[in-house]
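Asker: One structure, pasted below without further comment.
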Amino acid sequence: MSIDARIVDDLVANGIEFVTTVPCKQLAGVIDEVDRRDGIFHIPSNKEDEGMGLCAGAWMGGKRPAIIMQNTAIGVTINTLATLIQYYRMPLPMLISYRGELREPVACQVEMAVHTKALLAQLNIPTYHFHRQSDVEELDMILKYTFMCSKPVAILTDANFWGGYGDQ
Numbered sequence: 016m017s018i019d020a021r022i023v024d025d026l027v028a029n030g031i032e033f034v035t036t037v038p039c040k041q042l043a044g045v046i047d048e049v050d051r052r053d054g055i056f057h058i059p060s061n062k063e064d065e066g067m068g069l070c071a072g073a074w075m076g077g078k079r080p081a082i083i084m085q086n087t088a089i090g091v092t093i094n095t096l097a098t099l100i101q102y103y104r105m106p107l108p109m110l111i112s113y114r115g116e117l118r119e120p121v122a123c124q125v126e127m128a129v130h131t132k133a134l135l136a137q138l139n140i141p142t143y144h145f146h147r148q149s150d151v152e153e154l155d156m157i158l159k160y161t162f163m164c165s166k167p168v169a170i171l172t173d174a175n176f177w178g179g180y181g182d183q
């Protein structure tokens with residue numbers, strides 16, 4: 016089974032019926048797998064904060080949501096996370112490609128990586144960092160946790176998790 020199918024299987028097994036995504040090369044396989052699943056309503060977003068608003072609407076409409084995004088736009092989500100998602104105690108699994116870490120070929124991606132974990136920590140958002148594909152074994156428990164405690168949770172997946180960028 017591919018890592019992409021495994022991730023989406025865990026989403027489905029945890030009742031996630033609504034997923035919004037922002038394009039990302041590392042997460043493209045997961046996004047394609049989400050598109051293939053009949054049990055998931057997939058709405059692509061233009062921006063991460065817009066996607067969180069869509070997830071909030073889905074939650075208020077009785078659906079379990081998730082967002083798939085890059086860490087490079089975590090800064091634009093701060094207000095939405097604090098004043099909407101956290102204030103109203105909405106569970107939101109955030110599968111985030113963690114650009115700017117080891118094996119990153121694009122220098123400008125490094126700047127947001129330096130701040131990502133600190134911003135999530137400042138917001139008291141539980142954060143899990145997947146370095147190896149075997150780390151996906153924790154995803155099911157993480158998803159159960161976010162819905163049990165009604166909190167957003169960040170799952171950072173770095174280049175090592177995805178196998179690099181193909182040129183290394």
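Here this note's numbering = 1-based position in the sequence shown + 15. We put the CB at the ideal spot given by N, CA and C, even for glycine.
To which residues of the same chain is Ala128 closer than 6 Å at the C-beta, ignoring the five residues directly before and after it?
Answerer: The answer, listed in chain order, is Gly115, Glu116.
Asker: Look at the alpha carbon of Thr92 and the alpha carbon of Met16, and state the distance between them as a whole number of angstroms.
Answerer: Approximately 33 Å, taken between the alpha carbons.
Asker: Find the nearest neighbour of Thr98 within the set Pro167, Ala174, Val45, judged by alpha-carbon distance.
Answerer: Among Pro167, Ala174, Val45, the Cα nearest to that of Thr98 is on Pro167.
Asker: Enumerated in chain order, which unbroken segments of the alpha helix (DSSP H) with a length of 4 residues or greater are wholly contained in the region 82–166?
Answerer: DSSP runs (the alpha helix (DSSP H)) wholly in the region 82–166: 89–95, 123–137, 154–164.
Asker: How is Ile170 classed by DSSP in three states: helix, strand or coil?
Answerer: Three-state DSSP puts Ile170 in a strand.
Asker: Look up Pro38 in the DSSP assignment and give the residues it is bridged to.
Answerer: In the DSSP output, where bridge partners are listed per residue, Pro38 has none listed.
Asker: Which residues mark the beginning and the end of the alpha helix (DSSP H) in which Ile18 is found?
Answerer: Unbroken alpha helix (DSSP H) run through Ile18: 18–28.
Asker: Write down the C-beta distance between Asp25 and Asp150 rounded to the nearest angstrom, noting that I regard them as a contact closer than 8 Å.
Answerer: Wrong, their Cβ atoms sit about 12 Å apart, outside the cutoff.
Asker: Identify whether Arg52 lies in helix, strand or coil by the three-state DSSP scheme.
Answerer: Correct three-state label for Arg52: coil.
Asker: With a threshold of 16 other CB atoms inside 10 Å of the CB of Val37, please say whether the residue is buried or exposed.
Answerer: Result: buried.
Asker: Under the rule that 16 or more other beta-carbon atoms within 10 Å means buried, what is Phe33, buried or exposed?
Answerer: Looking at its Cβ environment, which holds 16 or more other Cβ atoms inside 10 Å, Phe33 is buried.
Asker: What's the C-alpha gap between Leu69 and Asp173?
Answerer: C-alpha separation (whole angstroms): 25 Å.
Asker: Do Glu63 and Ala88 come within 8 Å of each other at the CB atom, strictly closer than that value?
Answerer: Yes.
Asker: Quick check: Arg79 and Gly44, are their CB atoms within less than 8 Å of each other?
Answerer: Contact: no.
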